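Trainee: One rule links them: number in the working numbering = place in the sequence shown (from 1) + 40. This is the structure, below, for whatever I ask next.
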Amino acid sequence: MPETHIRTEIQRTLNNFMDGELAKNATHLLKVLGYESQRTLNRDTNTVEVFLEDFDPDNLINPEKAHLNDWQTADFLFQLTADEIKQQTQETITFHEDVGVDESIYQSYLFLAVRLKGDTYSRTALANITREINKCYVIPALLIFQHGHTLTFSIINRRPSQRDRDLDVLEKVTLIKDIDVVNPHRAHLDILAELSLNALYEQHAFTNFLELHQAWQQTLDTSELNRRFFKEIADWYFWAVSQVTFPPDKGGQGGSANIYPPDKGGQGGSTHAIHNATCVIRLITRLIFVWFLKEKHLVPNALFNEADISELLTDVDPQESTYYKAILQNLFFATLNQEMNPPDKGRGMPSGIHTVDYRGVPRKFRGEGRQHYNITSLYRYKRYFRDPEAALRLFETIPFLNGGLFECLDKPDPDDAKTILRIDGFSDRDDNPLSVPNELFFSEPQAVNLNAVYDTKNSRYTVRGLIHILNRYKFTIAENTPIEEEVALDPELLGQVFENLLAAYNPETGTTARKQTGSFYTPREIVNYMVDESLIAYLKTVFPLDKGGEAHTGFIPLICRGVTSDASSFSPDKDISSSYPLDKGGRGVDSKLRHLLAYNDEPHQFTNTEVEYLISAIDTLKILDPACGSGAFPMGILHKLVFLLSKLDPRNAQWRQRQIDRV
């Protein structure tokens, strides 16, 4: 089936979910993707009670984790085996049962559908339901959830337990989340099309279920998604730098220039090239941050819709800079960096009475003349709007962010107060040299020559407008974890783009960064390893070893003082060495801590008293990362600490009490 045709068919099938039975709609969608089987169960009812009777007679499902009270219906769709695949493809796909590889797991797939009562569910909630249902089966079960007008596909990775080969370990859950059945996102249509049986076979040439599962995993791999996205952004960046003109810096080095150094060694590069590069990086970083705000519905889509922009602005010629100036600069500096209806003291009050009226001065355009000179919290470029008041209405509900990312960098010269150092160029003066053509945001795919940038010969490069690039991808505001992952771009991406683009123009790293796009960012797997090893090294001090390598006979004073309720029971001379043997054969403290840090459903291995000491250690922990870059390590360790507390103190009782006691 042609690529465009299958996307159209997928969209039409998704629209059908607005009516009819979930089981029929889900089965039809899977058929469109190439997955079909007669191995099913005929049931007169699809109630939750009947489903549990059929598939969970041993009560393996945890009702709370599975959110059973939220289930409306549950359907077993079908089992897919090698026979069905060979039959459906009419031998065009070479597929056989390989008894030599993981035959207990990857010899077939189960497909199920669950309708939930609510409209919105977190990634964690859906991942937990997936895990609980998969406890009932010895082979992978793929789930399709319907909640409100959205669908979520949920796929689990599992492997045989190293301790008991008769058991499976349920690992990472990957979700294609919140697929809008009325108006599906372009990225969701692309992902589903890539998961079709024929598309997977063309890309991966799988021959058995294990390879089919691996093809699914590779297609849904967010690291590959990130690499693909960054490659598009990097190509756009190198193209954009040669097209823009920013105001000259203090040394007069502004202007348009190629970003790549002219010398073969890659160590050159002029100041004005670096100035342009940093300005474009700043633009990209700000806009991607805004895209995550848009995902939370805090910024209206109309600001990024080409048709709406044409109605809003007086001129959208590709070579004009009206979109960047009138829309993006006003959004960045006069909206996101300006309070919503800032307070006006004493407004309308009798003399001598002062209060704060939050119905105060609204966001507005600057006045004519110099009375608002360089007041960057006021809107500019009023003449670019067909209806300035309509533009203000679009901006008025956007929140104020005080993090500094959207602060306008145009400042008075410290050596000459009458002179403004223009960096962002937020000025509607006629002599403002700022030029960021509309074409950079809304261009259709076009060929550009980036061979000099990447040190290649006769290679072809295609770029498209930045807004079009961003619209091709699904963004999520929840950061992925090793045990649950949404197939979307998460906030970590912001740091990845920022650090890699900085490396691309740095003379010391530029050549390497341009050839190995995306290599100057610590991968999540390495960050996770650093986090785990750092926490283990710290938490082991709760059970310290002496200089001779033998177990200590007491807890260190720092940790003891942190435990208010039971510290007296651990005197320095109390012998606890028998409880904490050296870590031989995986039985010691190190092994227990690694088990605690592992993303699994197994209970921790510490006593109640040990738990209290560990919580105290977490409470007194301080993290210092002097060269934190975009903060991947501090954020990673924060996520892991929250996870540890959820295992040590599931009801949050001890942690909450400690915070109350501190107050």
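Virtual Cβ for every residue (Gly too), placed ideally from N, Cα, C. Just so we're clear, the structure is a prediction, and the values are computed from it rather than from any experiment.
Quick test of the definition: if touching needs 3 or more C-beta pairs under 8 Å, does the stretch 429-438 touch the stretch 467-486?
Mentor: As far as the Cβ criterion goes, the stretch 429-438 does not touch the stretch 467-486, which means the pair count is below three.
Trainee: Asn472 by DSSP, collapsed to three states: which one?
Mentor: Numbered from 1 along the sequence shown, position 432 holds the residue referred to as residue 472. Three-state result, Asn472: coil.
Trainee: I'd like to know whether the C-beta atoms of Ile196 and Trp256 end up nearer to each other than 8 Å.
Mentor: Locating residue 196 in the sequence shown gives position 156, counting from the first residue. Locating residue 256 in the sequence shown gives position 216, counting from the first residue. Not closer than 8 Å, so no.
Trainee: Three or more C-beta pairs closer than 8 Å, one from the stretch 247-265 and one from the stretch 441-454: is that the case here?
Mentor: The stretch 247-265 vs the stretch 441-454: no contact.
Trainee: If you measure between the beta carbons of Leu338 and Leu506, is that distance less than 8 Å?
Mentor: Position 298 of the sequence shown, counted from the start, is the residue given in the question as residue 338. Position 466 of the sequence shown, counted from the start, is the residue given in the question as residue 506. No, Cβ-Cβ distance for Leu338 and Leu506 is not below 8 Å.
Trainee: Is it true that the CB of Ser670 sits closer than 8 Å to the CB of Gly465?
Mentor: Position 425 of the sequence shown holds residue 465. Position 630 of the sequence shown holds residue 670. No; because the gap between Cβ atoms is not below 8 Å, this pair is not in contact.
Trainee: Based on DSSP bridge pairs, tell me the residues matched to Arg199.
Mentor: Here residue 199 is taken as the residue at index 159 of the sequence shown, counted from 1. Answer is Val209, bridged to Arg199.
Trainee: Under three-state DSSP, which class holds Glu346?
Mentor: Position 306 of the sequence shown, counted from the start, is the residue given in the question as residue 346. The answer is helix: DSSP assigns Glu346 an H, G or I state.
Trainee: Are Asn414 and Asp450 touching if we call contact CB-CB under 8 Å?
Mentor: Locating residue 414 in the sequence shown gives position 374, counting from the first residue. Locating residue 450 in the sequence shown gives position 410, counting from the first residue. It is a contact, given that the beta carbons lie within the stated cut-off.
Trainee: Report the three-state DSSP secondary structure of Tyr419 (helix, strand or coil).
Mentor: Stepping through the sequence shown from its first residue, residue 419 is reached at position 379. It is a strand residue.
Trainee: Tell me which residue opens and which closes the beta strand (DSSP E) that Glu436 is part of.
Mentor: The sequence position of residue 436 within the sequence shown is 396, counting from 1. Here Glu436 belongs to no beta strand (DSSP E), and DSSP marks it neither H nor E.
Trainee: Between which two residues does the alpha helix (DSSP H) holding Leu571 run?
Mentor: What you label residue 571 is simply residue 531 of the sequence shown in a count that begins at 1. The question names Leu, yet the displayed sequence has Val at residue 571. Element bounds for Val571: 564-579.
Trainee: Give me the DSSP bridge partner(s) of Phe405.
Mentor: On the sequence shown, residue 405 is found 365 positions in, with the first residue counted as 1. Bridge partners of Phe405: Tyr419.
Trainee: With DSSP collapsed to three states, give me the class of Ile655.
Mentor: Against the sequence shown, residue 655 aligns to sequence position 615. If DSSP states are grouped into helix, strand and coil, Ile655 belongs with the helices.
Trainee: Flag this pair as touching only if the stretch 510-517 and the stretch 486-497 have three or more C-beta atom pairs under 8 Å; answer yes or no.
Mentor: The stretch 510-517 is not in contact with the stretch 486-497.
Trainee: Just grab the DSSP bridge partners of Ser194 for me.
Mentor: The count along the sequence shown starts at 1 and reaches residue 194 at position 154. Ser194 pairs with Leu183, Leu215.
Trainee: State the Cα-Cα distance for the pair Gln51 and Val221, rounded to the nearest angstrom.
Mentor: Indexing the sequence shown from 1 puts residue 51 at position 11. Indexing the sequence shown from 1 puts residue 221 at position 181. Computed Cα separation, rounded: 8 Å.
Trainee: Should Arg403 and Thr437 be called a contact, given that it needs their Cβ atoms to be closer than 8 Å?
Mentor: Residue 403 sits at position 363 when you count from the first residue of the sequence shown. Residue 437 sits at position 397 when you count from the first residue of the sequence shown. The answer is no: Cβ separation not under 8 Å.
Trainee: Please name the residue or residues paired with Ile460 in a DSSP beta bridge.
Mentor: Here the question's residue 460 lines up with position 420 in the sequence shown. DSSP output for Ile460 lists Pro452 as bridge partner(s).
Trainee: Excluding sequence positions up to five away, which residues of its chain have a Cβ less than 6 Å from the Cβ of Asn174?
Mentor: For the purposes of this step, residue 174 is identified with residue 134 of the sequence shown, where counting begins at 1. Only Ala181, Ile196, Leu210 meet the Cβ criterion.
Trainee: Checking 8 Å against the spacing of the C-beta atoms, do Leu490 and Asp275 come in under that value?
Mentor: Numbered from 1 along the sequence shown, position 450 holds the residue referred to as residue 490. Numbered from 1 along the sequence shown, position 235 holds the residue referred to as residue 275. Against a cut-off of 8 Å, the Cβ pair of Asp275 and Leu490 comes out as a contact.
Trainee: For Pro674, I'd like the list of residues in its chain whose CB is within less than 8 Å of its CB, leaving aside the five on either flank, ordered along the chain.
Mentor: In the sequence shown, counting from the first residue as 1, residue 674 sits at position 634. Taken in chain order, the residues that qualify are Ile663, Asp665, Cys668.
Trainee: Checking 8 Å against the spacing of the C-beta atoms, do Phe118 and Phe91 come in under that value?
Mentor: For the purposes of this step, residue 118 is taken as residue 78 along the sequence shown, with counting starting at 1. For the purposes of this step, residue 91 is taken as residue 51 along the sequence shown, with counting starting at 1. Contact flag unset, no.
Trainee: Are there 16 or more other CB atoms within 10 angstroms of the CB of Val149, so buried, or fewer, so exposed?
Mentor: In the sequence shown, the residue the question calls residue 149 occupies position 109. Here residue 149 is Tyr; the residue named in the question, Val, does not match the sequence. Label assigned to Tyr149: buried.
Trainee: Quick check on the burial criterion: 16 or more other C-beta atoms within 10 angstroms. Buried or exposed for His228?
Mentor: Taking the first residue of the sequence shown as position 1, residue 228 is located at position 188. By the 10 Å Cβ count, His228 comes out buried.
Trainee: Rounding to the nearest angstrom, what Cα-Cα distance links Ile46 and Asp96 in this structure?
Mentor: Against the sequence shown, residue 46 aligns to sequence position 6. Against the sequence shown, residue 96 aligns to sequence position 56. Rounded to whole angstroms, Ile46 to Asp96 spans 37 Å at the Cα level.
Trainee: With DSSP as the reference, label Tyr75 as helix, strand or coil.
Mentor: The residue labelled residue 75 in the question sits at position 35 within the sequence shown. Here Tyr75 sits in coil by DSSP.
Trainee: Excluding sequence positions up to five away, which residues of its chain have a Cβ less than 8 Å from the Cβ of Leu353?
Mentor: Along the sequence shown, one-based indexing puts residue 353 at 313. Cβ neighbours of Leu353 beyond the five flanking positions: Thr362, Tyr363, Ala366, Ile367, Tyr424, Phe425, Arg426.
Trainee: Leaving out five residues before and five after Ala66 in sequence, what residues of the same chain have Cβ atoms less than 7 Å from its Cβ?
Mentor: In the sequence shown, counting from the first residue as 1, residue 66 sits at position 26. Once the five neighbours on either side are set aside, the close Cβ partners of Ala66 are Leu117, Ala153, Ile184.
Trainee: For Gln119, which residues does DSSP report across the bridge?
Mentor: Translated into positions along the sequence shown, residue 119 becomes position 79. In the DSSP output, where bridge partners are listed per residue, Gln119 has Leu150.
Trainee: Are the CB atoms of Gln694 and Glu650 nearer to each other than 8 Å?
Mentor: As a position in the sequence shown, residue 694 is number 654, starting the count at 1. As a position in the sequence shown, residue 650 is number 610, starting the count at 1. For Gln694 and Glu650, no; Cβs fall outside 8 Å.
Trainee: Measuring only the C-alpha atoms, how far is Trp111 from Phe269?
Mentor: Translated into positions along the sequence shown, residue 111 becomes position 71. Translated into positions along the sequence shown, residue 269 becomes position 229. Looking at the two C-alpha atoms, the distance is approximately 36 Å.
Trainee: Buried or exposed: which applies to Gln186, given that a residue is buried once 16 or more other Cβ atoms fall within 10 Å of its Cβ?
Mentor: In the sequence shown, residue 186 corresponds to position 146, counting from 1. Buried, because 16 or more other Cβ atoms sit within 10 Å of the Cβ of Gln186.
Trainee: In the DSSP assignment, the beta strand (DSSP E) including Glu525 goes from what residue to what residue?
Mentor: Taking the first residue of the sequence shown as position 1, residue 525 is located at position 485. From DSSP, the beta strand (DSSP E) with Glu525 extends over 524-526.
Trainee: Enumerate, from N- to C-terminal direction, the unbroken alpha helix (DSSP H) stretches of 4 or more residues contained entirely within the stretch 334-380.
Mentor: If we require 4 residues or more, the alpha helix (DSSP H) runs fully inside the stretch 334-380 come out as 346-352, 370-373.
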